[in-house]
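Since the structure comes first, as structure tokens, the remarks are kept for the end.
Chains as they are written, first to last, in full-length UniProt numbering: chain E, 1 to 193; chain X, 1 to 193.
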């Protein structure tokens, strides 16, 4: 909530970030992953390449931030109705993975992470994991609806897998099953014995 | 069980298929997805390009068959111990997605399917879905361990998502959780209320 790094009179110019991110999204959709280089983003946005490099170490991090900005907490603020909250959460999550820019970037990012030496999970996973929101929903659920013995991280991993399968593996026209089925599965995982 | 299309004295030359498939796997690992063309496979295998085209309509189908040959039913023949059978099934499934050739091909195949106009699910999904094996395991489970009200296809979709997330999203060194956790989640989905 505090913003210790913003000093009066010297606000950070967030418009530079926004212009670079918007340009990256446009280039991804128009020209594809391979063509979305720092240089191309600089030309398309009018932001100097050196300014882009000051914010992102490479085009990968820029593309990840541009395409997976995360879920808005407000869009999924829990109501305490577990089934309804999970439904909204899954839909918001699917939507975030389904933007044209995210779809245009997904395979390229996966290929990059498959061949890179980085040992941690891809940033895109961390950024999009939305685990805190999921945990908020579980905390808001009425007593007795969530088994205290189940590990929320395990359930969240199953949910993430279902979302990824829907968005990465199937095109928009070939969704296998309605979202409600996924929500039902998550409810089954959570219910007490 | 019957083989109506094989006539005595005129066996199909399966060695041609095997040579092309093996060459495709080698090229994927050595040179990558983009370089694994029909022409390159022809040169590498000594099989004429026209013979390869007679079997596969494009390099995509060839690569899919080369990298995702499916699970061997024998490797996961059910014992009736649901937890143990599911553990073996998930491990065999993960292994099939984790070969060097499958890893080298995965992102390229995803990119292809993201941009293609095909409306059905990608062949790789159909080929690897292994739904029949999963259903065999459920049928072999002792009475009372699988909720008859749960749709096995819904559970299988969750399992597939978990497997894909482990293999596509995480490099070999960054697996998030032991396989046992995934098996536990599947058991939770199946248990009667």
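Beta carbons are placed, not taken as given, at the ideal position from N, Cα and C, and that holds for glycine.
Does residue i come out as helix, strand or coil in the three-state DSSP assignment?
| i | result |
| --- | --- |
| residue 68 of chain E | coil |
| residue 41 of chain X | helix |
| residue 19 of chain X | helix |
| residue 90 of chain X | helix |
| residue 58 of chain X | coil |
| residue 29 of chain E | helix |
| residue 108 of chain E | helix |
| residue 148 of chain X | coil |
| residue 34 of chain X | coil |
| residue 143 of chain X | coil |
| residue 99 of chain X | coil |
For residue i, would you say it is in contact with chain E, using Cβ-to-Cβ distances shorter than 7 Å as the test?
| i | result |
| --- | --- |
| residue 34 of chain X | no |
| residue 111 of chain X | yes |
| residue 99 of chain X | no |
| residue 107 of chain X | yes |
| residue 154 of chain X | yes |
| residue 37 of chain X | no |
| residue 168 of chain X | yes |
Establish whether the CB of residue i and some CB of chain X are separated by less than 7 Å.
| i | result |
| --- | --- |
| residue 161 of chain E | yes |
| residue 145 of chain E | no |
| residue 187 of chain E | no |
| residue 165 of chain E | yes |
| residue 181 of chain E | yes |
| residue 192 of chain E | no |
State yes or no: is the C-beta of residue i within less than 7 Å of the C-beta of residue j?
| i | j | result |
| --- | --- | --- |
| residue 150 of chain E | residue 138 of chain E | no |
| residue 66 of chain X | residue 21 of chain X | yes |
| residue 24 of chain E | residue 36 of chain E | yes |
| residue 90 of chain E | residue 183 of chain E | yes |
| residue 100 of chain X | residue 136 of chain X | no |
| residue 60 of chain E | residue 112 of chain E | yes |
| residue 161 of chain E | residue 161 of chain X | yes |
| residue 218 of chain X | residue 109 of chain E | Because chain X in this structure spans residues 1 to 193, residue 218 of chain X falls outside the shown range and cannot be described. |
| residue 164 of chain E | residue 165 of chain X | yes |
| residue 42 of chain X | residue 27 of chain X | no |
| residue 130 of chain X | residue 82 of chain X | no |
| residue 47 of chain X | residue 19 of chain X | yes |
| residue 189 of chain E | residue 55 of chain X | no |
For the alpha helix (DSSP H) containing residue i, name the first residue and the last one.
| i | result |
| --- | --- |
| residue 139 of chain X | 131 to 140 |
| residue 157 of chain E | 152 to 164 |
| residue 81 of chain E | It is not in any alpha helix (DSSP H) - residue 81 of chain E carries neither H nor E in the DSSP assignment. |
| residue 179 of chain E | 179 to 190 |
| residue 77 of chain X | First-last for residue 77 of chain X: undefined, no H or E at that position. |
The ligand COA and residue i: does the residue's C-beta get closer than 6 Å to at least one heavy atom of that ligand?
| i | result |
| --- | --- |
| residue 165 of chain X | Among the components of this structure there are no ligands whatsoever, and the ligand COA is therefore not found. |
Any beta-carbon of chain A closer than 7 Å to the one on residue i?
| i | result |
| --- | --- |
| residue 59 of chain E | The chain labelled as chain A is not found among the protein chains of the depicted structure, namely E and X. |
Is it the case that the segment 153 to 162 of chain X contacts the segment 102 to 116 of chain X, given that we only count it when at least three CB pairs across the two stretches are under 8 Å? no
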